[in-house]
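Protein sequences, first through last, are from chains A and B. The first sequence: position 350 = 350 (this note's numbering), numbered continuously. Basically this note's numbering = 1-based index in the second sequence + 361. For reference, the structure is listed below as structure tokens.
Protein chains: 2
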Amino acid sequence: MAVRIVPVIMSGGSGTRLWPLSRAAHPKQLHPLVTELSMVQETARRVAATSKDFKFEAPIIVLNESQYIRARGQLDELGCVPACYVVEPVGRNTAPVAAVAAELVRRELGDDVLVLLLPADHHIRDIEGFHQAIAHGAALAAQGQLVTFGIEPAGPETGYGYIRRGEPVSAGFHVSAFTEKPDVETAKTFLASGEYYWNAGIFLFGAGALLAELELYCSEVARCSLAAVSGAEMTGTKLTLDLAAFEACPSISFDYAVMERTSRAVVVPADIGWSDVGSWDALWSISDKDEHGNASRGNVSIHASENSFVISDGAKVAIHGVKDLIVVATGDAVLVIHRDDAQGVKKIVDALKEAGHDDLL
Amino acid sequence: MAVRIVPVIMSGGSGTRLWPLSRAAHPKQLHPLVTELSMVQETARRVAATSKDFKFEAPIIVLNESQYIRARGQLDELGCVPACYVVEPVGRNTAPVAAVAAELVRRELGDDVLVLLLPADHHIRDIEGFHQAIAHGAALAAQGQLVTFGIEPAGPETGYGYIRRGEPVSAGFHVSAFTEKPDVETAKTFLASGEYYWNAGIFLFGAGALLAELELYCSEVARCSLAAVSGAEMTGTKLTLDLAAFEACPSISFDYAVMERTSRAVVVPADIGWSDVGSWDALWSISDKDEHGNASRGNVSIHASENSFVISDGAKVAIHGVKDLIVVATGDAVLVIHRDDAQGVKKIVDALKEAGHDDLL
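Next up, the structure:
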């Protein structure tokens with residue numbers, strides 16, 4: 001019998017790296033950034049396939065209250081019916097999300113069913129490769145391992161976590177070490193060694209196995225998360241976690257709480273055309289372009305320009321004679337930065353926060 | 362007794378060189394581009410002064426129907442009460458405007474009263490110098506000369522008309538030649554000679570003198586313009602020229618119809634801080650700037666950028682890490698061009714016309 005996997009789509013982020021399009025109540029994952037579907041729709045569709053090696057169950061969607069209506073509308077539109085929408089009353093990073101998900105799966109389907117924890121705002125070009133990697137990971141997770149997926153590094157990026165591979169194990173490797181956001185020199189040595197992967201932030205594990213490891217390494221998160229589930233309020237398919245219990249939970253990443261400590265960590269290489277779409281430049285990189293390297297979305301006119309990315313959700317945006325620019329226009333805000341100016345959006349967003357412009361964030 | 366001058370403010374233009382701010386029904390001269398007053402307000406204020414040498418009468422405002430309400434509102438706001446608003450039922454360039462104005466002045470005030478013909482969309486920094494030049498010009502115009510004002514060229518611009526000075530006459534010179542839009546090599550020789558001025562498009566002449574010269578050199582314009590006045594419809598201070606007569610009038614510039622042909626042309630040098638604000642770059646040039654050379658209008662945040670010009674009439678516009686850019690955001694359009702990209706706006710506007718986007722023009 002094919003192994004059963006419950007996809008848990010983490011859709012609670014409200015990042016500002018794609019400001020002004022991405023906003024607290026209408027974040028990146030709810031926008032059609034790469035295709036005509038929103039990123040959460042693409043993610044849901046990606047985990048609706050069947051395979052001879054595994055069976056995806058109805059997904060669990062984790063998000064916050066301000067995103068619920070919009071996200072649900074988008075998934076309804078797709079004909080996707082999640083097992084439930086888990087509403088986080090406050091954000092507590094990914095370890096509590098993993099714990100809540102594992103507990104829900106354990107209660108409903110049993111200890112041995114697998115949980116696939118994945119962000120709603122990543123792009124994966126090669127769906128077949130993705131499913132292949134899941135199949136490889138599922139075989140390991142079914143044996144009690146906690147699986148992370150490793151991306152072949154495309155350059156010495158300093159914004160990612162790196163995973164060093166150890167001894168081979170079936171279609172993967174034991175994890176030898178995790179390194180969060182190395183400096184560029186360190187990242188270069190990692191690449192040169194050929195032993196490192198980027199950590200894609202996608203995890204696969206048995207519900208019972210995760211809860212056991214969490215109890216070992218971070219029992220406070222386990223305790224609070226389980227209490228938040230026990231005290232949760234269910235309305236239809238909307239499960240709102242208990243505020244007091246969840247608020248008491250440490251805010252900590254799943255990598256840090258479990259993966260970096262457990263002896264059961266394995267990495268499965270995943271050559272799947274992955275991008276976390278973590279900046280406008282990253283989105284430009286994976287977008288279709290004209291013969292001059294320009295990409296665009298919406299009501300846009302590009303003249304005599306090169307390697308630029310122009311996005312509008314309404315107004316006509318017209319450019320002429322520029323290169324390497326990002327231009328993003330929404331109804332109430334316009335961003336213009338150099339394409340390699342990774343800090344630009346952050347600086348602008350920080351200044352808006354400072355000035356009390358929460359209406360724009 | 363001080364000579365009487367009727368300012369005739371030509372406010373009928375609907376240029377697109379400052380697109381997307383300047384639109385057919387809300388053109389450049391009705392925007393507060395340089396100061397907090399609109400350009401037509403500034404122009405009206407500039408010709409409301411008194412002097413021992415001349416007396417400005419109530420002005421005549423020439424415009425088209427779609428601009429009337431807005432222009433009148435702006436002048437009312439300023440407390441400016443024009444002698445009349447002349448509505449052109451169709452545009453016929455500046456020679457017919459001069460003829461209509463001269464005829465109106467002749468009828469109401471007599472042949473000897475002077476007409477100061479001036480565009481509504483130029484910026485003049487030095488008002489005192491402007492009035493001094495007018496005084497010099499008035500002395501010549503009172504003797505029957507047709508006066509144009511000459512700007513010391515700041516560079517070999519190819520977009521202006523050039524005036525070559527001849528023999529001196531009181532505070533000016535007889536005009537030796539006019540040259541429209543020379544190529545850059547010719548413009549350079551003009552500058553090197555020291556004998557040339559830019560034609561500012563501001564003219565001063567006696568009403569009777571102009572009509573006599575027009576009769577000599579371009580009688581068709583004189584005939585049609587006078588008929589358009591005779592057949593005009595007056596409602597309060599709004600005088601709508603007769604459509605059939607004015608439509609029959611040749612469309613021709615005052616320079617070409619009269620100034621380049623008459624023997625009475627004189628040029629008065631005018632060192633008055635003049636700009637025709639003929640491009641976004643020209644507007645940037647005369648704007649106040651921060652220590653990095655950036656200028657802005659409206660709801661704008663500028664970070665780590667140089668020599669750029671950012672304008673918004675609503676949305677927050679934020680830039681980071683760019684230089685030499687023009688960014689202009691209106692509710693329905695956003696323009697991004699290089700500051701020295703003089704052709705950019707024209708190319709974009711032409712493409713919009715081609716695509717039938719009259720709503721944006």
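Glycine residues also receive a C-beta, built at the ideal position from the N, C-alpha and C atoms. Quick caveat: nothing in here was measured; it's all calculated off a predicted structure.
Setting aside the 5 residues that flank it on each side, Gly569 (chain B) is surrounded in the same chain by Arg467, Asp472 and Asp473, each with a C-beta closer than 7 Å to its C-beta; the list follows chain order. Apart from sequence neighbours up to five positions away, the residues of its chain that approach Gly331 (chain A) with a beta-carbon distance below 6 Å are Gly314, ordered along the chain.
As the crow flies, the alpha-carbon of Glu418 (chain B) is around 54 Å from that of Ser308 (chain A). At least one CB of chain B lies nearer than 8 Å to the CB of Leu325 (chain A).
Under the DSSP assignment, Thr509 (chain B) falls in the beta strand (DSSP E) whose first and last residues are Leu507 to Ile512. By the beta-carbon neighbour count (other beta carbons within 10 angstroms, threshold 16), Arg526 (chain B) is buried.
Remark: C-beta atoms of Pro82 (chain A) and Ile60 (chain A) approach each other more closely than 8 Å. Going by beta carbons, Leu439 (chain B) and Met371 (chain B) fall outside the 8 Å limit. For the pair Ala386 (chain B) and Pro450 (chain B), the Cα-to-Cα distance works out to about 14 Å. By the Cβ rule, the segment 570-581 of chain B does not count as touching the segment 509-516 of chain B, because fewer than three pairs are nearer than 8 Å. Within 9 Å of the CB of Ser301 (chain A), the CB atoms of chain B belong to Ile709, Ala712, Leu713 and Ala716, in sequence order along the chain.
By the criterion of at least three beta-carbon pairs nearer than 8 Å, the segment 561-575 of chain B is in contact with the segment 501-510 of chain B. Separation of Leu507 (chain B) and Leu477 (chain B) (C-alpha to C-alpha, rounded to the nearest whole angstrom) is 10 Å. Here the segment 626-645 of chain B lies against the segment 687-703 of chain B, with 3 or more beta-carbon pairs under 8 Å apart. Under the three-state reduction of DSSP, Ala538 (chain B) is assigned to strand. Taking every protein chain shown into account, the CB of His653 (chain B) has fewer than 16 other CB atoms within 10 angstroms, so this residue is exposed. For Ile488 (chain B), same chain residues with a beta-carbon under 7 Å away, outside a window of 5 residues either side, are Arg407 in chain order. For the pair Ile337 (chain A) and Ile680 (chain B), the CB atoms are nearer than the 8 Å cut-off. Distance from the CA of Ala304 (chain A) to the CA of Ala712 (chain B), rounded to the nearest whole angstrom, comes to 13 Å. In this structure, Thr509 (chain B) lies near Ala626 (chain B), with their beta-carbon atoms less than 8 Å apart.
Rounded to whole angstroms, the gap between the alpha carbons of Ala200 (chain A) and Pro393 (chain B) is 52 Å. Contact check for Asn425 (chain B) and Ile613 (chain B): beta-carbon distance about 18 Å, past the 8 Å limit, so the pair fails to qualify. The continuous beta strand (DSSP E) containing Val530 (chain B) extends over residues Gly522 to Val530. Residue environment analysis places Glu546 (chain B) among the exposed positions, since fewer than 16 neighbouring C-beta atoms fall within 10 angstroms of its C-beta.
Ile430 (chain B) sits exposed, since fewer than 16 C-beta atoms from the chains shown fall within 10 Å of its C-beta. Distance from the Cα of Arg700 (chain B) is smallest, within the candidate group B:Val619, B:Met620, B:Tyr617 and B:Ala656, for B:Ala656. DSSP lists A:Gly150 as the beta-bridge partner residues of Asn199 (chain A).
Between Ile124 (chain A) and Ile272 (chain A), the C-beta gap is smaller than 8 Å, which places the two residues in contact. Scanning chain A for C-beta atoms nearer than 8 Å to the C-beta of Ala690 (chain B) yields Ala315, Ala329 and Val334, reported in chain order. Per DSSP, the continuous alpha helix (DSSP H) segment holding Glu426 (chain B) begins and ends at Glu426 to Leu439.
Counting along the chain, no beta strand (DSSP E) covers Cys224 (chain A); the unbroken alpha helix (DSSP H) around it starts and ends at Ser219 to Ser230. Put simply, of B:Ala605, B:Asp651, B:Thr598 and B:Asp603 the residue whose alpha carbon is nearest the alpha carbon of Tyr446 (chain B) is B:Thr598.
Secondary structure of Lys413 (chain B) (DSSP, three-state): coil.
When secondary structure is reduced to three states using DSSP, Arg4 (chain A) falls in the strand class. What Ile680 (chain B) touches in chain A, judged by beta-carbon distance under 9 Å, is Val334, Leu335, Val336, Ile337, Gly344 and Ile348, going in chain order. One Cα belongs to Ala606 (chain B), the other to Cys585 (chain B), and the distance between them is close to 6 Å.
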